[in-house]
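Numbering (the numbering used here) for the sequence shown: 21 to 216.
Glycine is no exception: its CB is placed at the ideal position from the N, C-alpha and C atoms.
Bear in mind the structure is a predicted one, so any value in this text is a computation, not a measurement.
Each remark here refers to the structure printed beneath this line.
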Amino acid sequence: MLARLTLRARAIALFPLAALAVHDGFYRFGLGPAHAGGKGHGYLALAEPLAGTLGALVLAGLVTRLVAAWRVGEAGEPGASWLRLWAVASAGLLAVFGAQEFLEAAFGGGHPVLLEPGGWPAPLLAVAVGGLLTLFLRGARAAVVAVARRSSRRLAPLRPAPVSRRRLPRSERRRTAPLSLSAAGRAPPSPVAVTH
21 MLARLTLRAR
31 AIALFPLAAL
41 AVHDGFYRFG
51 LGPAHAGGKG
61 HGYLALAEPL
71 AGTLGALVLA
81 GLVTRLVAAW
91 RVGEAGEPGA
101 SWLRLWAVAS
111 AGLLAVFGAQ
121 EFLEAAFGGG
131 HPVLLEPGGW
141 PAPLLAVAVG
151 GLLTLFLRGA
161 RAAVVAVARR
171 SSRRLAPLRP
181 APVSRRRLPR
191 SERRRTAPLS
201 LSAAGRAPPS
211 PVAVTH
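Quick look at the structure:
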């Protein structure tokens, strides 16, 4: 089952881990560690193990896909565009971070730090973590394709050299009588003598 996850499902499973990386990076590099334990961050105690579990499942799926590619020699579904995947991941991470901050402000009694002057690292972190997510997904796909290619060479039966299908020149073609082909209309008479 883990090997059958689509690229979209793997990206969705890794997304919470990436969103937590943006959130953690923002508080480590943007506002400083003093704000990291602020109000409204109590949900992180549940979110971090859940995101880690999803990430571990994706890694287990990658190992399963690599083993299947080695056994069968098939890579699975085609990959997505680097740029498109990176753009969607970065925009999604920034949107999730913004939603997190608004909810933390609403339930923690404060104002969203994303709108403060110190909120500028958030888009940069979203682009960086989106790039890392894209790099992981595309790198995993490239690894599976490489293993599948190596395996297909290993599994390919030895084939005889292909027969040439080139046409012979007219001078070298064998002539056949037209009545010996399908143009005759009926079979030739039997060579057995008929007696009356």
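### Query
Beta carbon of F46, beta carbon of L123: below 7 Å?
Cβ distance not < 7 Å, so F46 and L123 don't count as in contact.
#### Entry: Where the alpha helix (DSSP H) containing G72 begins and where it ends
64-92
### Among L66, R161, W90, the one whose alpha carbon lies nearest that of P36
L66
### Message
Quick test of the definition: if touching needs 3 or more C-beta pairs under 8 Å, does the region 100-110 touch the region 150-170?
### Response
yes
### Euclidean distance between Cα positions of G112 and L27
16 Å
### Query
Would you say A160 and L82 are within 7 Å of each other, going by their C-beta atoms?
Going by C-beta atoms, A160 is nearer than 7 Å to L82.
### Task
Look at the alpha carbon of G139 and the alpha carbon of R91, and state the distance between them as a whole number of angstroms.
When rounded, the distance between both Cα atoms is 49 Å.
### Task
Put R187 into one of helix, strand or coil per three-state DSSP.
coil
### Query
So the alpha helix (DSSP H) R28 belongs to, where does it begin and stop?
27-45
### Message
Looking at V167: is its Cβ nearer than 7 Å to the Cβ of A80?
### Response
no
### Query
Going by beta carbon distance, what residues of the same chain come within less than 8 Å of L34, once the five residues before and after it are set aside?
Cβ neighbours of L34 beyond the five flanking positions: L74, G75, V78, L153, F156, L157.
### Query
Taking the C-alpha atoms as reference points, what is the distance between L86 and Y63?
Just so you know, the alpha carbons of L86 and Y63 end up roughly 35 Å apart.
### Query
How long is the line joining the alpha carbons of E68 and W102, rounded to whole angstroms?
27 Å
#### Entry: Collapsed DSSP secondary structure at W102 in the structure displayed
The answer is helix: DSSP assigns W102 an H, G or I state.
### Task
Pull up the distance between the alpha-carbon of A119 and that of R170, whole angstroms please.
45 Å
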